[in-house]
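Below you'll find the structure, written out as structure tokens, and then a few comments.
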Amino acid sequence: MSTPTDTDRQFDADGESEDPPVPRLASRAFEALGTMVSISAPMDPDELDAAVQTVRRVFVETEEYFGVGGRGSVESLRRGETELRYSHHRLRALYEQAIGWRNATEGAFTPHAPDGPVDLRGLVKGWAIAHAGQAMMDLELPHWSVTAGGDVLCSGSPFPAEPTGADPFYGRHWRAGITDPFDAATLVADVPLAGTPGFTAALATSSGHGYGRTNAYLQVSVLAEDIVTADVLSKAILAGGPPTLDSAVREFGVAVLVCGHDGELLASGGWPLHASA
Amino acid sequence: MNIRQAIFASVASAGVLASGWLGGTATTTASAAAPSTHRLGTVAGVASSAHHRSAAASTTLSTVRRGQLRGTEPVQLLSGPGYTAAGYGLTQQAALDTSLA
Numbered sequence: 001m002s003t004p005t006d007t008d009r010q011f012d013a014d015g016e017s018e019d020p021p022v023p024r025l026a027s028r029a030f031e032a033l034g035t036m037v038s039i040s041a042p043m044d045p046d047e048l049d050a051a052v053q054t055v056r057r058v059f060v061e062t063e064e065y066f067g068v069g070g071r072g073s074v075e076s077l078r079r080g081e082t083e084l085r086y087s088h089h090r091l092r093a094l095y096e097q098a099i100g101w102r103n104a105t106e107g108a109f110t111p112h113a114p115d116g117p118v119d120l121r122g123l124v125k126g127w128a129i130a131h132a133g134q135a136m137m138d139l140e141l142p143h144w145s146v147t148a149g150g151d152v153l154c155s156g157s158p159f160p161a162e163p164t165g166a167d168p169f170y171g172r173h174w175r176a177g178i179t180d181p182f183d184a185a186t187l188v189a190d191v192p193l194a195g196t197p198g199f200t201a202a203l204a205t206s207s208g209h210g211y212g213r214t215n216a217y218l219q220v221s222v223l224a225e226d227i228v229t230a231d232v233l234s235k236a237i238l239a240g241g242p243p244t245l246d247s248a249v250r251e252f253g254v255a256v257l258v259c260g261h262d263g264e265l266l267a268s269g270g271w272p273l274h275a276s277a
Numbered sequence: 278m279n280i281r282q283a284i285f286a287s288v289a290s291a292g293v294l295a296s297g298w299l300g301g302t303a304t305t306t307a308s309a310a311a312p313s314t315h316r317l318g319t320v321a322g323v324a325s326s327a328h329h330r331s332a333a334a335s336t337t338l339s340t341v342r343r344g345q346l347r348g349t350e351p352v353q354l355l356s357g358p359g360y361t362a363a364g365y366g367l368t369q370q371a372a373l374d375t376s377l378a
């Protein structure tokens, strides 16, 4: 775990001066699982710092729990240096979960690299984000977001209509941008997420740069209730193409946005569109 | 119906539910990762391999214009394919700064 690179950013209420005073949206970021983790919540920075310590602990324990990084268990499996049957039961349990997803997606999602080794890094990240969100819930925080490596999980609102705790049931939703697959410094779409405390929304995006395969799409974004579902299905749709996408929308109730290799953008019926177009 | 579902039903019926995309139940998840009750691909062999690109067209997707996907409101969160810590931080921060500009 590296030294944190904290940021503290304030957003205004978009000119809605008639709104009651809202807590400042504060953000903290730190490095974990080989990527950046960001926690945002409309609360006093000191309070957020305390909450972030809990979330940071979740990620630290995840790294220790699954042996991520360096010569840990996950990396040893990925390099083929360790056989799964000799791995810790925690990893075997995670692998069983991955196999469940493989079966559910008719093989479109797989925890195996094409040449055989088991790669559980993606599931470990989703596992950590989910537990980080649960930690925020356990702290009885109604409005928060957790992002890690481009995966988003959030609850409540960045701009609650009332100070947190007084009336947590109404507020502006979070808005998440999706990076353009042709230019990661710009956005191709943005979507409203959550808005009601206690009900999570997750967004995951996968690109076509994996193991040298020719994927069906260049980039796939999935909206789901939980981050593991969003993450796994984005990877499955990327590899499995239209049949997997149709089944995912039908069976899991997710919304999907895909970008084809030619730049064409296609959205499922549940994808939130801007009416002004 | 648990307490969160009750709250959800209450606020939804009162018309005060915020309009963001939202899952239909009120759990966060740590235990929501198992797909045991769902199964994709009801036609055998349709998506039998992750290595094959299907030529079948999706019956779910519709072509959308970029103008339908981007609004004018600033974003607070960013989603994109995973990068290393350094690469992700740089590109994502650039995108966020562009959105807020």
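One line per chain: the protein sequences are P and H, in this order.
The numbering of the first sequence is the numbering used here, which starts it at 1 and goes up by one.
The numbering of the second sequence is the numbering used here, which starts it at 278 and goes up by one.
From the three backbone atoms N, C-alpha and C, an ideal C-beta is built for every residue, glycine too.
Residue range of the alpha helix (DSSP H) that includes residue i
i	result
M43(P)	Per DSSP, M43(P) belongs to no alpha helix (DSSP H) and is neither H nor E.
L233(P)	227-240
A93(P)	89-104
V222(P)	Careful: V222(P) lies outside any alpha helix (DSSP H), inside the beta strand (DSSP E) at 219-224.
L346(H)	343-346
Closer than 8 Å at the beta carbon, the chain H residues around residue i
i	result
L246(P)	The question names Leu, but residue 246(P) is Asp in the sequence shown. Result: S335, T336, T337.
V249(P)	T337
H274(P)	G344, Q345, L346, R347, G348
S221(P)	S356
S40(P)	Q353, L354
Residue i at chain H interface by Cβ criterion, 8 Å
i	result
A204(P)	yes
H143(P)	no
Q53(P)	no
D345(P)	Since the first residue of chain P shown is 1 and the last is 277, residue 345(P) is not available in this structure.
I178(P)	yes
G150(P)	yes
T62(P)	no
L25(P)	yes
D87(P)	Sequence inspection shows Ser at residue 87(P); the Asp mentioned does not correspond to that position. Not closer than 8 Å to any Cβ of chain H, the Cβ of S87(P) fails to qualify, so no.
A184(P)	yes
R175(P)	yes
S207(P)	yes
S76(P)	no
T3(P)	Interpretation of T3(P) is limited by its pLDDT of 39, a score under 50 that renders its predicted location unreliable; no figure is taken from the coordinates.
Segment limits, beta strand (DSSP E) that includes residue i
i	result
G177(P)	174-180
L123(P)	Per DSSP, L123(P) belongs to no beta strand (DSSP E); it is in the alpha helix (DSSP H), 121-138.
V256(P)	255-259
S27(P)	25-32
V74(P)	No beta strand (DSSP E) contains V74(P), which is instead part of the alpha helix (DSSP H) from 73-78.
A184(P)	183-193
V352(H)	From DSSP, V352(H) is part of no beta strand (DSSP E); its letter is neither H nor E.
V68(P)	Note, V68(P): premise wrong, no beta strand (DSSP E); not H, not E.
T205(P)	200-207
S145(P)	144-148
P151(P)	According to the sequence displayed, residue 151(P) carries Asp and not Pro. 151-155 is the extent of the beta strand (DSSP E) around D151(P).
L265(P)	265-267
Interface partners of residue i on chain H, CB under 9 Å
i	result
R56(P)	Per Cβ cutoff of 9 Å: no residues; R56(P) is ~15 Å from chain H at best.
T147(P)	L354, L355, S356, Q369
Cβ of residue i within 8 Å of any chain P Cβ
i	result
P358(H)	yes
S313(H)	With a pLDDT of only 32 at S313(H), under the threshold of 50, the placement of this residue in the model should not be trusted; the figure read from the coordinates follows. Yes, because at least one Cβ of chain P sits closer than 8 Å to the Cβ of S313(H).
A309(H)	Only weak support exists for where A309(H) lies, its pLDDT of 37 falling under 50; the coordinates are left without a value.
T302(H)	Note on T302(H): pLDDT 38, under 50, position unreliable in the model; no value is reported.
Chain-ordered chain H contacts of residue i [CB-CB under 7 Å]
i	result
A189(P)	L346, R347
The ligand FAD heavy atom lying under 7 Å from the CB of residue i
i	result
H89(P)	You won't find the ligand FAD in this model; it holds no ligand whatsoever.
Positions along the segment 259-271 of chain P whose CB lies within less than 9 Å of some CB in chain H: E264, L265, L266, A267, S268, G269, G270, W271
At least three beta-carbon pairs within less than 8 Å, the segment 211-231 of chain P to the segment 81-92 of chain P: no
Residues in the segment 110-121 of chain P having any Cβ partner in chain H nearer than 8 Å: T110, P114
The segment 140-157 of chain P contacting the segment 197-208 of chain P, beta-carbon criterion three pairs below 8 Å: yes
Segment contact flag, the segment 252-263 of chain P with the segment 115-132 of chain P, C-beta cutoff 8 Å, min 3 pairs: No: fewer than three Cβ pairs fall under 8 Å.
The segment 56-71 of chain P in contact with the segment 174-184 of chain P per 3-pair CB rule at 8 Å: no
Touching by the beta-carbon criterion (3+ pairs, under 8 Å), the segment 99-115 of chain P and the segment 54-65 of chain P: no
contact_flag[the segment 337-355 of chain H, the segment 137-150 of chain P] where n(CB pairs < 8 Å) is 3 or more: yes
Touching by the beta-carbon criterion (3+ pairs, under 8 Å), the segment 30-42 of chain P and the segment 52-61 of chain P: yes
At least three beta-carbon pairs within less than 8 Å, the segment 233-246 of chain P to the segment 101-114 of chain P: Segments in contact, yes.
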